[in-house]
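Line by line, the protein sequences give chains A and B.
Going left to right, the first sequence walks through residues 11 to 440 as my numbering numbers them.
Going left to right, the second sequence walks through residues 3 to 86 as my numbering numbers them.
Down below is the structure, laid out as structure tokens.
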Amino acid sequence: MKGRYYLNGIDWVVQALHWSCRGAQNGNYQFIVAVELSAIPDADKLKQCLRRALELFPPLRGGLKRNLLNLAPYWKPFKFVATALKFTCMRADTPEDVQSQLEKLLNTETAAREPLVSSLLLERPDGTSVFACKFDHRIFDAGGGERFMTVLQKCWNQEYMEPDKLMSSSGPWLNEWKHQFECGRTVNRVMRSLYAQGVPSVLYPGQAATGVNRYRLVHISEDDFVRLNADSERIAGAMMLMPYIQTLIQRSLRRVLKERGVENAFCLCPLSVDLRKAGDNGLFFNHWSLMPMYSHESATAEFAQEVEAQKELFYEYMKNRFPYCLTKANLLTRIVPLPLFAWFSRKPFRGTAGTAMTALLNREEFKSNELFGCEVENLYHIPGIPARPGVGVFINRRGNTLNLCLSWLDGALSEREAELLSECLSYKAL
Amino acid sequence: MCDVNNVEKFLCREAALILNRDEQSIKPDSPFLDLGLESMSFVELLICIEKEYNIKLINSGLDTSDLASISSLAQRVVQELEHI
Chain A
11 MKGRYYLNGI
21 DWVVQALHWS
31 CRGAQNGNYQ
41 FIVAVELSAI
51 PDADKLKQCL
61 RRALELFPPL
71 RGGLKRNLLN
81 LAPYWKPFKF
91 VATALKFTCM
101 RADTPEDVQS
111 QLEKLLNTET
121 AAREPLVSSL
131 LLERPDGTSV
141 FACKFDHRIF
151 DAGGGERFMT
161 VLQKCWNQEY
171 MEPDKLMSSS
181 GPWLNEWKHQ
191 FECGRTVNRV
201 MRSLYAQGVP
211 SVLYPGQAAT
221 GVNRYRLVHI
231 SEDDFVRLNA
241 DSERIAGAMM
251 LMPYIQTLIQ
261 RSLRRVLKER
271 GVENAFCLCP
281 LSVDLRKAGD
291 NGLFFNHWSL
301 MPMYSHESAT
311 AEFAQEVEAQ
321 KELFYEYMKN
331 RFPYCLTKAN
341 LLTRIVPLPL
351 FAWFSRKPFR
361 GTAGTAMTAL
371 LNREEFKSNE
381 LFGCEVENLY
391 HIPGIPARPG
401 VGVFINRRGN
411 TLNLCLSWLD
421 GALSEREAEL
431 LSECLSYKAL
Chain B
3 MCDVNNVEKF
13 LCREAALILN
23 RDEQSIKPDS
33 PFLDLGLESM
43 SFVELLICIE
53 KEYNIKLINS
63 GLDTSDLASI
73 SSLAQRVVQE
83 LEHI
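Here is the structure:
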């Protein structure tokens, strides 16, 4: 990295989430990108290529520091230790084995001074494989995780790379104070209006959660995706897939809440959105923000009306530049010590963080059909979920299909509820 | 009165800004789906339209025919302006 990378507002929020997860869960605030391959790549060559990526990119081994003069937090790479690479290759005979190994990877904490990426290659008896990379959210967001696959592919092909072009430095953001406060005011207004809506209904039962992340993958096939798209255009209008899917998620969550006996559920689902512009090369750190999408059970009997309300909400947040304001306003919070900020950040939404985290990665950051000389059959994300809210739905697009990953902390959903949610979200039952 | 050509020029310019592309690469007859817009970037474009022409299109029943090209969206904008 040529210059220092000073953390932006969302990087700081992620640091706070990392702090919370480290205290309460089996792992850091991390996520997996899993790639299903048509063959089994050479494990030794793969190991070499991971090692090369570690050598090329110092941020992969680093930690948080504060500038002594202005107290702005920045990322400081550690010295490289060649033996620290974490890569495991093993057999997985059944889909259950794959799921259990991926869950194990997601629930493994990264030790201090270890690289913030670790990998797993699962060889299946039919000659196919699953390559999974676990990323620490402090230096990778979902889009960056997918982009890292391109880096690994280039390492595999022994292509020349200019690391500096992929590693952005950034100043300490100690200017434009007035603008930052104005953004803070916008965020406060939205928070106040959310408070007026009531207390969000939660699925997370507090102490019942063990801190172990679980997941279930729902693959929406090409045929089902065509149907979903056609329904979305008919009901929500053209190019409104995101609000349409958000409505489907909220209805599914409300169905589970109703089964639990929650009347007039208020479903609050922070939706993470990628703020990368087309052509933006950013690989590391966080380029996303949030929109607190919500709906009430009582007010939304008709599906079409609910979709319309979600579109309106989506539009208003974009018009008020809420996602942008949230990142800017959080620049002001970087002065607060991390433990205090982690505690403070649990306070909004009356300590619940909402009903479930949601995300839709609509743009494919890794588009190639080939990885490590094998055909890519599918690529999906498995997010680790912080204890609040304890449930998350992450969707990523792969060609003309969708992968929908329901992720939860063990105890936050029963097996039956996870089954019901998966079924609702599969689009077949709707 | 706003004419379609002016609206087309405006939409091409704004779409280029949103997509971080050269304005010349976006033509009025460019199919919307090929531009690379998705829900979020499309909403950004609708917000630009509201700011420029004071019309809100988000829940106005835009369908696929309105989004066949920049030109067809421009025509829809002009129609909406005529109804004001």
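Think of the CB as a built atom: it goes at the ideal place given N, C-alpha and C, for glycine as much as any other residue.
Straight-line CA distance for A/Asn379 to A/Pro253?
-> Going from the Cα of A/Asn379 to the Cα of A/Pro253 covers about 29 Å.
Could you tell me which residues DSSP pairs with A/Asp21 in its beta bridges?
-> Listed as beta-bridge partners of A/Asp21 by DSSP are no residues whatsoever.
Closest residue to B/Asp36 among B/Leu75, B/Tyr55, B/His85 and B/Ala70 (Cα-Cα distance) | Nearest C-alpha to B/Asp36 among B/Leu75, B/Tyr55, B/His85 and B/Ala70: B/Ala70.
Just mark A/Thr104 as buried or exposed, buried being the case when its beta carbon has 16 or more other beta carbons within 10 Å.
-> A/Thr104 sits exposed, since fewer than 16 C-beta atoms from the chains shown fall within 10 Å of its C-beta.
Alpha carbon to alpha carbon, how far is A/Leu176 from A/Gln109?
-> Each residue's Cα considered, the two are about 32 Å apart.
Measuring alpha carbon to alpha carbon, tell me which of B/Asn22, B/Ile57, B/Ile51 and B/Phe12 ends up nearest B/Gly38.
-> Out of B/Asn22, B/Ile57, B/Ile51 and B/Phe12, B/Asn22 has the C-alpha closest to the C-alpha of B/Gly38.
According to the neighbour-count rule (16 or more other Cβ atoms, all chains shown, within 10 Å of its Cβ), is A/Leu126 buried or exposed?
-> Result: buried.
Nearest chain A C-beta to B/Ser71 closer than 9 Å, yes or no?
-> Chain A, which has no Cβ nearer than 9 Å to the Cβ of B/Ser71, makes this no.
Would you list the one or two residues that DSSP bridges to A/Ala142?
-> For A/Ala142, which the question treats as bridged, DSSP gives the partners A/Ala44 and A/Leu130.
Would you call A/His147 buried or exposed, if buried means 16 or more other Cβ atoms sit within 10 Å of its Cβ?
-> Under the 10 Å beta carbon count, A/His147 is surrounded by 16 or more other beta carbons and is classified as buried.
Straight-line CA distance for A/Arg157 to A/Glu307?
-> Approximately 39 Å between the Cα atoms of the pair.
Using a C-beta cutoff of 9 Å, does B/Asp36 count as contacting chain A?
-> No, B/Asp36 lies away from the interface with chain A (no Cβ there is under 9 Å from its Cβ).
Which two residues bound the contiguous alpha helix (DSSP H) that contains B/Ala17?
-> Going by DSSP, B/Ala17 is part of the alpha helix (DSSP H) stretching over Val6 to Leu21.
Take A/Pro135 as the anchor and find which of A/Thr120, A/Thr118, A/Arg101 and A/Val161 has the nearest alpha-carbon.
-> Comparing alpha carbon positions, the residue from A/Thr120, A/Thr118, A/Arg101 and A/Val161 closest to A/Pro135 is A/Arg101.
With A/Ser110 as the anchor, note down where its alpha helix (DSSP H) starts and where it stops.
-> From DSSP, the alpha helix (DSSP H) with A/Ser110 extends over Pro105 to Leu116.
Start and end residues, alpha helix (DSSP H) containing A/Trp298 | Where A/Trp298 is concerned, there is no enclosing alpha helix (DSSP H), although the beta strand (DSSP E) it sits in stretches over Trp298 to His306.
Could you tell me which residues DSSP pairs with A/Cys384 in its beta bridges?
-> By DSSP's assignment, A/Cys384 forms a beta bridge with A/Leu381.
Closest to A/Thr368 by CA distance: which of A/Leu350, A/Ile392 and A/Gly361 is it?
-> When only C-alpha atoms are compared, the closest one is A/Ile392.
State the start and end residues of the unbroken beta strand (DSSP E) segment that holds A/Trp481.
-> Not covered by the structure: residue 481 of chain A. The range shown for chain A is 11 to 440.
Contacts around A/Asp290, its chain only, beta-carbon distance under 8 Å, and the 5 residues preceding and following it disregarded = Cβ within range, chain order: His297.
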